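Undergrad: The structure that follows is given in the form of structure tokens.
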RNA sequence: GGUCUGGUAGCUCAGCUGGAUAGAGCAACAGUCUUCUAAACUGUGGGUCCUGAGUUCGAAUCUCAGCCGGAUCACCA
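In our numbering, the protein residues as written are 86 to 651.
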């Protein structure tokens, strides 16, 4: 934590402790940041001391402020009941820039834990297009993986594909009735999805279709050659399509073990539950009782077939054996909260204490025009289309703003896709939002492109400096303007921001931070002429370089590229 | 109805383990490009922090109750 503002807060706490004999951790906890920067950088409220010393807080603050001093602080004064500390600005700037430039992209790396952390994420269904909902799971999971990696863990990104289940019986039925091979080969997801939607429409008037679907699924389960071949084909072409989109998003997986992978592992779980006397018959089904107020966890339906909880139990056990995880995360919509409660509860009953290491990382629902998206009704927002539109808009923006840019297509991709990803990550995971393309693909204000643009400007300055034969230096830093200080203070916060994002499984913490830092730097840029040739030029360049380093790293943690020009 | 979750500016949202005049972005209006990329910066207007009690020296933040919205409540995933 060397070089961060942690040092200063700790220092302030130490000074208070030495003077008051209050417990160190209490003092540290009480120290806050004044909302108004003019008040100083840290403040210690003296209310708690009022009773102890039987004096009014303002008087106590005055006495404390007068009796302590330290070279780390330019000013320590009492304002009302507060002892306000003003950091030696240049000291903080110098320390922070030193830390960032020396550590480069590793600035902010920490050892908060270690071991494997499987992250169950994305998990689209075969033969269905990826929607904005899958985008959320994908980008949130991807970002959490990067954040966990930065603090010492080894993330394992698992794409738990929806590649099995009764819907494949329906799909086979639909394909055989209305489909043809050429269409599927040409545009697999599009046509397969069309068949699927048509099946549901037709089934409303012709319920016998459902029976046909069930029959085909039975055949699939029994290993019927035609059924298995069709299923494999559907899976293969779908996966190929998904991988294309993942490439667009810059997301890679460590495992594509989907639902089908666990088909042969469920019987063992059912046996285990029986052996442990946890299975009870209820209304013809086999369940695990979870207590008075809880719904029982269904393991086998009344027709004897398994259900997704059964499969998830098998998957959890298998993953424990395979990865010996220290934590396991499921990045799945909040509508499945109950399911994961049950999953954890059943594992606990089975005697697995590692159930406590499983976390459901839920996220809010995306609607369109206020209505819930429904795959079956064909009311979806296709992720593929959104990305295409975003890139196209970004390209138009470049043509308008920077027509001489060299690699326009590449940058348009980074900016367009970056805008979509950033938009999804900047708000609290649990917030619901209504999909609106214009809103998602914005380039101004609190957006990904704003952060990217800020970085591009910083890079531009560094390029120009290099052309002039100037470069950043940590020697003799003496930046005394307020904008530089505010920027440096944010830079110093980066390690703590990452720690908080990890603790809360919350990429938005990093996204908001990147916006705040970009804003501070833009003010600096607007008010300070960086490339003035004086003795502080190397110091200013050090600040610019540090900002670019941290912005780039923050964006990387979000899964967003940071082009050097745009 | 039970459980979970949310209610902050016209809109979308920040506000960390309670602390000093409640903050951004968008939208509106007014400025700033012969000067490091104006995808930026500056300024103006805009708020009963859902309501009511309680805890506290101090509450947007914690507790309880109520109102409103969302999710969910075993044989889909």
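All C-beta atoms in this analysis are idealised placements derived from N, C-alpha and C, irrespective of residue type, glycine included. All of these numbers come straight from a predicted model, not from anything done at the bench.
(1) Taking the beta carbon of residue 552 as the centre, do at least 16 other beta carbons fall within 10 Å, making it buried, or is it exposed?
(2) Among 596, 491, 475 and 165, which has the Cα closest to the Cα of residue 499?
(3) Quick check: the stretch 508-517 against the stretch 482-489, are there 3 or more CB pairs under 8 Å?
(4) Would you say residue 108 and residue 131 are within 8 Å of each other, going by their C-beta atoms?
(5) Sort out for me which residues DSSP pairs residue 445 with in a bridge.
(6) Entirely within the stretch 561-605 and at least 4 residues each: give me those alpha helix (DSSP H) ranges in chain order.
(7) Report the rounded CA-to-CA distance for residue 601 versus residue 509, giving the unit in angstroms.
(8) Inspect the beta-carbon positions of residue 159 and residue 172 and report whether they are closer than 8 Å.
(9) To the nearest angstrom, how far is the alpha carbon of residue 484 from that of residue 478?
(10) Express the C-alpha separation of residue 170 and residue 560 in angstroms, rounding to a whole number.
(11) Taking residue 168 as the reference, give the member of 155, 125 and 185 with the closest Cα.
(12) Among 597, 400, 548 and 388, whose alpha-carbon lies nearest the alpha-carbon of residue 629?
(13) Taking three-plus beta-carbon pairs below 8 Å as touching, is the stretch 343-350 in contact with the stretch 233-250?
(14) Count the other CB atoms, across all protein chains shown, that sit within 10 Å of the CB of residue 557; report buried if there are 16 or more and exposed otherwise.
(15) Please tell me whether residue 457 and residue 399 are closer than 8 Å, where the distance is taken between their beta carbons.
(16) Under the rule that 16 or more other beta-carbon atoms within 10 Å means buried, what is residue 390, buried or exposed?
(17) Nearest CA to the CA of residue 594: which residue from 607, 580, 606 and 116?
(18) May I ask whether a heavy atom of the ligand PLP can be found less than 7 Å away from the beta carbon of residue 370?
(19) Run through DSSP, which three-state label would residue 366 get?
(20) At what residues does the beta strand (DSSP E) containing residue 205 begin and finish?
(21) Less than 8 Å between the C-beta atoms of residue 451 and residue 218, yes or no?
(22) For the alpha helix (DSSP H) containing residue 227, name the first residue and the last one.
(23) Could you pull out every residue in the same chain whose Cβ sits closer than 6 Å to the Cβ of residue 204, ignoring the five residues on either side in sequence?
(24) Could you compute how far the alpha carbon of residue 228 sits from the alpha carbon of residue 583?
(25) From which residue to which residue does the beta strand (DSSP E) around residue 242 run?
(26) Buried or exposed, going by whether 16 or more other CB atoms sit within 10 Å of the CB of residue 103?
(27) Please confirm whether residue 101 and residue 149 have their CB atoms less than 8 Å apart.
(28) Would a C-beta distance cut-off of 8 Å place residue 202 and residue 192 closer than the cut-off?
(29) Locate the beta strand (DSSP E) running through residue 383, then write down its first and last residues.
(30) Closest to residue 199 by CA distance: which of 234, 603 and 384 is it?
(31) Less than 6 Å between C-beta atoms, sequence neighbours within five positions excluded: which residues of the same chain meet that for residue 428?
(32) Bridge partners of residue 168, per DSSP?
(33) In this structure, how does DSSP classify residue 350 when only helix, strand and coil are distinguished?
(34) Per DSSP, residue 456 is paired with what?
(35) Evaluate residue 210 with the Cβ neighbour count: other Cβ atoms within 10 Å of its Cβ, from every protein chain shown; 16 or more gives buried, anything less gives exposed.
(36) In the DSSP output, what is residue 340 paired with across the bridge?
TA: This is what the structure gives:
(1) One-based indexing of the first chain puts residue 552 at position 467. Exposed: under 16 other Cβ atoms inside 10 Å.
(2) Looking up residue 499 in the first chain gives position 414. Per the Cα distances, 475.
(3) no
(4) Within the first chain, numbered from 1, the residue matching residue 108 stands at position 23. Within the first chain, numbered from 1, the residue matching residue 131 stands at position 46. No, the pair does not count as a contact, with Cβ atoms beyond the cut-off.
(5) For the purposes of this step, residue 445 is taken as residue 360 along the first chain, with counting starting at 1. Note: residue 445 is bridge-paired with 415 in the DSSP secondary-structure output.
(6) 567-589
(7) In the first chain, residue 601 corresponds to position 516, counting from 1. In the first chain, residue 509 corresponds to position 424, counting from 1. When rounded, the distance between both Cα atoms is 17 Å.
(8) Within the first chain, residue 159 is the residue found at index 74, counting from 1. Within the first chain, residue 172 is the residue found at index 87, counting from 1. Yes, the Cβ-Cβ distance between residue 159 and residue 172 is below 8 Å.
(9) In the first chain, the residue the question calls residue 484 occupies position 399. In the first chain, the residue the question calls residue 478 occupies position 393. So the two alpha carbons sit approximately 10 Å from each other.
(10) Locating residue 560 in the first chain gives position 475, where the first residue counts as 1. Locating residue 170 in the first chain gives position 85, where the first residue counts as 1. Looking at the two C-alpha atoms, the distance is approximately 26 Å.
(11) The sequence position of residue 168 within the first chain is 83, counting from 1. The residue with the shortest Cα to Cα distance from residue 168 is 125.
(12) Counted from its first residue, the first chain places residue 629 at position 544. Comparing Cα positions, the closest option is 548.
(13) yes
(14) Your numbering for residue 557 matches position 472 in the first chain. Of the other Cβ atoms in all chains shown, 16 or more fall within 10 Å of the Cβ of residue 557; this residue is therefore buried.
(15) Here residue 457 corresponds to residue number 372 of the first chain, with the count starting at 1. Here residue 399 corresponds to residue number 314 of the first chain, with the count starting at 1. Against a cut-off of 8 Å, the Cβ pair of residue 399 and residue 457 comes out as no contact.
(16) As a working note, residue 390 is residue 305 in the first chain. Exposed, since its Cβ has fewer than 16 Cβ neighbours within 10 Å.
(17) Translated into the one-based positions of the first chain, residue 594 becomes position 509. Selected option, being the one with the closest Cα: 580.
(18) As for the ligand PLP, it is missing from this structure, which has no ligand bound.
(19) To locate residue 366, count along the first chain from 1; it is residue 281. Three-state DSSP puts residue 366 in a strand.
(20) Here residue 205 is taken as the residue at index 120 of the first chain, counted from 1. Counting along the chain, the beta strand (DSSP E) containing residue 205 begins and ends at 201-206.
(21) Position 366 of the first chain, counted from the start, is the residue given in the question as residue 451. Position 133 of the first chain, counted from the start, is the residue given in the question as residue 218. In this structure, residue 218 lies closer than 8 Å to residue 451 by Cβ.
(22) Along the first chain, read from residue 1 onward, the residue named residue 227 stands at position 142. Counted as a single uninterrupted DSSP element, the alpha helix (DSSP H) harbouring residue 227 occupies residues 217-235.
(23) Indexing the first chain from 1 puts residue 204 at position 119. The residues are 226, 230, 240, 242 and 414.
(24) Here residue 228 refers to the residue found at position 143 when the first chain is read from its first residue. Here residue 583 refers to the residue found at position 498 when the first chain is read from its first residue. C-alpha separation (whole angstroms): 11 Å.
(25) Here residue 242 refers to the residue found at position 157 of the first chain. Start and end: 239-244.
(26) Along the first chain, read from residue 1 onward, the residue named residue 103 stands at position 18. When all chains shown are included, residue 103 counts as exposed.
(27) The sequence position of residue 101 within the first chain is 16, counting from 1. The sequence position of residue 149 within the first chain is 64, counting from 1. For residue 101 and residue 149, yes; Cβs fall inside 8 Å.
(28) Translated into the one-based positions of the first chain, residue 202 becomes position 117. Translated into the one-based positions of the first chain, residue 192 becomes position 107. It is not a contact, given that the beta carbons lie outside the stated cut-off.
(29) Your numbering for residue 383 matches position 298 in the first chain. Its beta strand (DSSP E) spans residues 382-385.
(30) Looking up residue 199 in the first chain gives position 114. The option with the nearest alpha carbon to residue 199 is 234.
(31) To locate residue 428, count along the first chain from 1; it is residue 343. Cβ within range, chain order: 397.
(32) Here residue 168 refers to the residue found at position 83 when the first chain is read from its first residue. Answer by DSSP bridge pairing, in chain order: 129 and 163.
(33) If you number the first chain from 1, residue 350 lands on position 265. Three-state DSSP puts residue 350 in a helix.
(34) Counted from its first residue, the first chain places residue 456 at position 371. Beta-bridge pairing links residue 456 to 453.
(35) On the first chain, position 125 is the one that residue 210 refers to. Classification of residue 210: buried, given that the 10 Å Cβ count is 16 or more.
(36) Here residue 340 is taken as the residue at index 255 of the first chain, counted from 1. Its beta-bridge partners are 243.
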